[in-house]
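As numbered in the numbering used here, residues 4 to 257 make up the sequence shown, in order. Positions of the beta carbon are idealized from the N, C-alpha and C atoms, including for glycine. Following: one structure in structure tokens, then a few remarks.
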Amino acid sequence: WSWSETWYRAMVMLVVASPCALVASIMPATLSAISNGARKGILFKGGVHLENLAALKAIAFDKTGTLTKGKPSVTDLFIRPGLDKEVFLQSVYMIEKQSTHPLAEAVVHYVKDHNVKNSGTHSALSVDSMHEIPGCGVEAEINDIPWKVGKRSFIGDSLADSFYGNEANRLQEEGKTLVYVADDKGVAGLFAVQDTLRETTREAVKSFKDQGLYTIMLTGDQAATAAAVKEMTQIDTVVAGCLPEGKVMEIKKL
Numbered sequence: 004w005s006w007s008e009t010w011y012r013a014m015v016m017l018v019v020a021s022p023c024a025l026v027a028s029i030m031p032a033t034l035s036a037i038s039n040g041a042r043k044g045i046l047f048k049g050g051v052h053l054e055n056l057a058a059l060k061a062i063a064f065d066k067t068g069t070l071t072k073g074k075p076s077v078t079d080l081f082i083r084p085g086l087d088k089e090v091f092l093q094s095v096y097m098i099e100k101q102s103t104h105p106l107a108e109a110v111v112h113y114v115k116d117h118n119v120k121n122s123g124t125h126s127a128l129s130v131d132s133m134h135e136i137p138g139c140g141v142e143a144e145i146n147d148i149p150w151k152v153g154k155r156s157f158i159g160d161s162l163a164d165s166f167y168g169n170e171a172n173r174l175q176e177e178g179k180t181l182v183y184v185a186d187d188k189g190v191a192g193l194f195a196v197q198d199t200l201r202e203t204t205r206e207a208v209k210s211f212k213d214q215g216l217y218t219i220m221l222t223g224d225q226a227a228t229a230a231a232v233k234e235m236t237q238i239d240t241v242v243a244g245c246l247p248e249g250k251v252m253e254i255k256k257l
């Protein structure tokens with residue numbers, strides 16, 4: 004007998020001789036697998052989802068914090084000519100410090116590193132209201148002046164294109180994420196933020212592809228930035244400009 008036939012005959016004998024014991028052994032094995040996954044940061048909602056992995060054909064990844072380390076930093080900054088840099092940075096700091104988004108944290112750290120928060124400027128500024136829109140950005144009023152901090156489409160595509168357009172394209176081609184800042188006079192500034200890939204990302208993606216799985220990356224970044232990350236990771240396809248609810252829809256399509 005071959006090994007596969009031997010295994011099959013043994014299972015038949017076990018089912019016939021003691022079916023209850025075989026069924027009872029399934030639950031501990033499933034719970035053990037779920038527990039082991041949780042220890043490694045992988046959460047399964049139930050045993051059925053674990054079993055479905057056997058028929059898996061595609062796998063989708065979020066970018067920030069999954070494929071990347073989730074600790075982005077500001078690499079470039081452009082400010083509208085004539086705008087006081089200290090006032091600009093302090094205004095952005097007062098808005099972004101109330102957000103928990105990784106990109107907001109990167110901007111806050113940048114301002115802290117430049118010691119702007121320790122100046123006397125903040126005493127003259129007051130945040131009157133703030134509203135965070137998931138997947139888009141934050142809008143607030145500082146001293147009765149409306150401000151927006153977020154992605155390109157959030158402040159307006161045409162408005163964003165008129166502000167250092169060539170530089171913005173170059174930064175995105177380098178795989179950097181752009182954070183725009185706008186006030187009542189137009190675009191006030193532009194931050195370029197970059198996160199680094201996890202050391203295991205390329206190896207993990209290759210492993211999934213070697214097993215015949217189709218790999219997908221879902222990200223809120225613009226297409227140029229997403230394309231750069233796709234090139235670095237060799238993921239099969241990317242869906243860019245994806246809001247949280249859009250990611251849910253993309254998963255359902257799979």
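Tell me, please, which residues DSSP counts as bridged to residue i.
{"i": "Ile192", "result": "Position check: residue 192 holds Gly in this sequence, whereas Ile was assumed. Ile82, Val184."}
{"i": "Phe64", "result": "Met220"}
{"i": "Leu200", "result": "Thr71"}
{"i": "Val77", "result": "Val196"}
Exposed or buried, residue i, counting other C-beta atoms within 10 Å across all chains shown (16 or more means buried)?
{"i": "Trp2", "result": "Residue 2 lies beyond the stretch modelled for the chain, which goes from 4 to 257, so this question has no answer here."}
{"i": "Glu8", "result": "exposed"}
{"i": "Leu70", "result": "buried"}
{"i": "Met3", "result": "Examination of residue 3 is not possible in this model, given that the chain is present from 4 through 257 alone."}
{"i": "Gly123", "result": "At Gly123 the pLDDT is 49, less than 50, meaning the model places this residue with poor confidence and gives no usable figure here."}
{"i": "Leu257", "result": "exposed"}
{"i": "Pro84", "result": "exposed"}
{"i": "Val15", "result": "exposed"}
Taking C-alpha atoms, which residue in the options lies nearest to residue i?
{"i": "Ser165", "options": "Lys60, Thr203, Asp131, Gly192", "result": "Gly192"}
{"i": "Gln93", "options": "Met14, Ser129, Arg205", "result": "Ser129"}
{"i": "His104", "options": "Ile82, Glu202, Gly73, Gly85", "result": "Gly73"}
{"i": "Glu234", "options": "Ala63, Met220, Trp150, Ser76", "result": "Met220"}
{"i": "Gln237", "options": "Phe64, Pro31, Ser38, Ala58", "result": "Phe64"}
{"i": "Ser156", "options": "Phe91, Cys139, Pro75, Leu106", "result": "Cys139"}
{"i": "Asp187", "options": "Trp150, Leu174, Lys179, Gly223", "result": "Trp150"}
{"i": "Ala109", "options": "Val18, Thr180, Ala229, Val15", "result": "Thr180"}
{"i": "Gly159", "options": "Pro247, Glu177, His134, Val190", "result": "Val190"}
{"i": "Glu144", "options": "Val95, Asp116, Lys154", "result": "Val95"}
{"i": "Gly50", "options": "Ala32, Met252, Asp213", "result": "Ala32"}
{"i": "Leu91", "options": "Trp10, Glu170, Tyr183", "result": "The identity of residue 91 in the sequence shown is Phe, whereas the question assumes Leu. Phe91 has its Cα closest to that of Tyr183, out of Trp10, Glu170, Tyr183."}
{"i": "Ala185", "options": "Val141, Phe211, Asp224", "result": "Val141"}
{"i": "Ala230", "options": "Arg173, Ile45, Leu246, Lys88", "result": "Arg173"}
{"i": "Gln197", "options": "Leu80, His52, Arg12, Asn39", "result": "Leu80"}
On the DSSP letters alone, give me the boundaries of the alpha helix (DSSP H) that residue i sits inside.
{"i": "Thr222", "result": "Thr222 -> no alpha helix (DSSP H), and no H or E assigned at all."}
{"i": "Gly50", "result": "50 to 55"}
{"i": "Lys100", "result": "Looking at the DSSP string, Lys100 is not in any alpha helix (DSSP H), and its letter there is neither H nor E."}
{"i": "Ala20", "result": "6 to 20"}
{"i": "Ile254", "result": "247 to 256"}
So the beta strand (DSSP E) residue i belongs to, where does it begin and stop?
{"i": "Thr240", "result": "240 to 242"}
Any heavy atom of the ligand HEM within a distance shorter than 7 Å of the CB on residue i?
{"i": "Glu248", "result": "With respect to small molecules bound, the structure shown includes none, and the ligand HEM cannot be examined in it."}
Item to complete: Could you tell me which uninterrupted beta strand (DSSP E) segments, each at least 3 residues in length, are contained entirely in the region 103 to 185, listed from first to last along the chain?
Response: 130 to 136, 140 to 145, 148 to 153
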